[in-house]
Amino acid sequence: MKGLKIKLADDMLVLRQANQPATVINVKGCPIGGDSIVVVAGPCAIENEEILKETAFKVRGSGAVMLRGGAYKPRTSPYSFQGLGEEGLRILARIGEEMNMPVVTEVMDTADIELVSQYADILQVGARNMQNFSLLKKLGQINKPIILKRGLAATIEEWLWAAEYILAGGNSQVILCERGIRTSEPWTRNTLDLSAVALVKELTHLPVLVDPSHATGIRSLVTPMARAAIAAGADGIMVEVHPHPERALSDGDQSLTPKGFSQLMKEIEPIARAVGRRVY
Ligand code: PEP
Ligand code: MN
Numbered sequence: 004m005k006g007l008k009i010k011l012a013d014d015m016l017v018l019r020q021a022n023q024p025a026t027v028i029n030v031k032g033c034p035i036g037g038d039s040i041v042v043v044a045g046p047c048a049i050e051n052e053e054i055l056k057e058t059a060f061k062v063r064g065s066g067a068v069m070l071r072g073g074a075y076k077p078r079t080s081p082y083s084f085q086g087l088g089e090e091g092l093r094i095l096a097r098i099g100e101e102m103n104m105p106v107v108t109e110v111m112d113t114a115d116i117e118l119v120s121q122y123a124d125i126l127q128v129g130a131r132n133m134q135n136f137s138l139l140k141k142l143g144q145i146n147k148p149i150i151l152k153r154g155l156a157a158t159i160e161e162w163l164w165a166a167e168y169i170l171a172g173g174n175s176q177v178i179l180c181e182r183g184i185r186t187s188e189p190w191t192r193n194t195l196d197l198s199a200v201a202l203v204k205e206l207t208h209l210p211v212l213v214d215p216s217h218a219t220g221i222r223s224l225v226t227p228m229a230r231a232a233i234a235a236g237a238d239g240i241m242v243e244v245h246p247h248p249e250r251a252l253s254d255g256d257q258s259l260t261p262k263g264f265s266q267l268m269k270e271i272e273p274i275a276r277a278v279g280r281r282v283y
C-alpha cells in the first residue's frame, strides 16, 4: 500500500487484489460482509438452557441475527467457570435452531474441532489462540466459517498471517474480529484499535467484526464503541448480553442487559445508514 511501510507478500491470500470484490460469507442465509451490518449477540458463556433461551429471545427481538455463547472458556484462572463443554454445545445448537439464529462458539483445542463443528455454524478462535498454529492449520481443512479474533497483543501483520494459515489450508471463510489489544491504559480492559479495522478492511477482502465488549470490559462503553466501530467500517459487531449481568459466571461487568442491547440496536441503525450500510 502506498505511503505505508507494510511488508507482506503480494500473493498472500488474505490480501485484496486489484478489482477483487469484498468476500461475503453466507451463514444460513445471513450475509457477513458486503453492504449489510450483522449483529451477533449472546452471553459470554452458556450457563444453562433457561438463561440462553431468554437471552436469545430478547436479542433476536431487538434485531440480533446470530447467537453467541461459549462452551469452552479460556479463563485466566483455572478455578473460574470453564464452560459446560459438549452439554453447552447441545444447548446452543438447540436454542439456535428454535430461534432460527445461526450460532457462534469458540473452539480452543484441535481435539474438539470435529465436535464443535457438529453444533456450531461459525467456529471462533479466541484472542489467546490466535497464534495456535496447529489449531489454525486444522481449521483450514474444515468447511465452516471461522471468526479469528485478534490476539491480546498481536500486531496487524501477525493477525493477517494467522488468517493466512486458515486460507492456505483451503478454508476461505475467515471473518476477522478486532477485540481490543493490550496497551499501557489500565482503566479499560483493552484498547479498541479502530484504525486496525479501517486498515484491514483496506488491505484484505475479508469481513471484519468488532467486539466492543472484550475491547472495553465496561458495560457503559459498549454502545459508544459499537457506534464507532460501524462508523469506522466494521461489517458487524459481536456483543455480550446477559439477562442478569450481576449474576453472570463470566464477563458480567461488560455484558449488556437485554434492555441495554435494545438501546444499542437503536443507536447503531442511523450510524449504519450514515455510512451507506444497513443493519441486516
Ligand atoms: C469470547 O468472545 O468469549 C472471548 C473469550 O473473547 P476473546 O478471545 O476476544 O478474549
Ligand atoms: Mn467474554
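All the letters of the sequence shown, read from the start, carry residue numbers 4 to 283 under our numbering. Backbone N, C-alpha and C fix where the C-beta goes; we use that ideal spot for every residue, glycine too.
Euclidean distance between Cα positions of L195 and L118: Residue mapping note: residue 195 aligns to position 192 of the sequence shown, counting from 1. Residue mapping note: residue 118 aligns to position 115 of the sequence shown, counting from 1. Taking the straight line joining both Cα atoms gives about 32 Å.
Give me the Cα-Cα distance between E243 and G220, rounded to the nearest whole angstrom. Translated into the one-based positions of the sequence shown, residue 243 becomes position 240. Translated into the one-based positions of the sequence shown, residue 220 becomes position 217. In this structure, the alpha-carbon of E243 lies about 10 Å from that of G220.
Do the segment 16-24 and the segment 190-210 make contact, defined as three or more Cβ pairs closer than 8 Å? Yes, the segment 16-24 touches the segment 190-210.
Which whole-angstrom value describes the C-beta separation of I28 and P105, a residue pair presumed to lie in contact below a C-beta threshold of 8 Å? Translated into positions along the sequence shown, residue 28 becomes position 25. Translated into positions along the sequence shown, residue 105 becomes position 102. That pair is no contact at about 11 Å.
Using only the alpha-carbon positions, how far apart do P215 and G129 sit? By 1-based counting over the sequence shown, the position of residue 215 is 212. By 1-based counting over the sequence shown, the position of residue 129 is 126. Between the alpha carbons of P215 and G129 lies a distance of about 14 Å.
Does the segment 108-115 touch the segment 156-175, meaning 3 or more C-beta pairs lie closer than 8 Å? With contact defined as three or more Cβ pairs closer than 8 Å, the segment 156-175 and the segment 108-115 are not in contact.
What's the C-alpha gap between F136 and R97? Position 133 of the sequence shown holds residue 136. Position 94 of the sequence shown holds residue 97. Cα to Cα, the separation comes out at about 31 Å.
Please tell me whether, using a cut-off of 7 Å, the distance from the CB of P77 to the nearest non-hydrogen atom of ligand 3 is below it. Looking at this structure, you won't find ligand 3 anywhere; what it does contain is ligand 1 and ligand 2.
For the beta strand (DSSP E) that G211 lies in, which residues bound it at each end? Within the sequence shown, residue 211 is the residue found at index 208, counting from 1. Checking the sequence shown, residue 211 turns out to be Val, not Gly. 211-213 is the span of the beta strand (DSSP E), which, as asked, contains V211.
Apply the 10 Å Cβ neighbour rule to A237 and answer buried if 16 or more other Cβ atoms are within range, or exposed otherwise. Taking the sequence shown and counting its residues from 1, one reaches residue 237 at position 234. Classification for A237: buried.
Would the beta-carbon of S258 fall within 8 Å of that of R281? As a first step, residue 258 is located in the sequence shown; it is residue number 255 there, counting from the start. As a first step, residue 281 is located in the sequence shown; it is residue number 278 there, counting from the start. Contact: no.
Where do the ends of the alpha helix (DSSP H) carrying K141 lie? Within the sequence shown, residue 141 is the residue found at index 138, counting from 1. Membership of K141 in the alpha helix (DSSP H) is indicated by the continuous run 136-142.
Per DSSP, which one or two residues make a beta bridge with C47? Position 44 of the sequence shown, counted from the first residue, corresponds to residue 47. According to DSSP, C47 bridges with nothing at all.
So L179 and V211 are supposed to be a Cβ contact under 8 Å. How far apart are they, rounded? Residue numbering aside, residue 179 sits at position 176 when the sequence shown is read from its first letter. Residue numbering aside, residue 211 sits at position 208 when the sequence shown is read from its first letter. 5 Å between Cβ atoms; contact.
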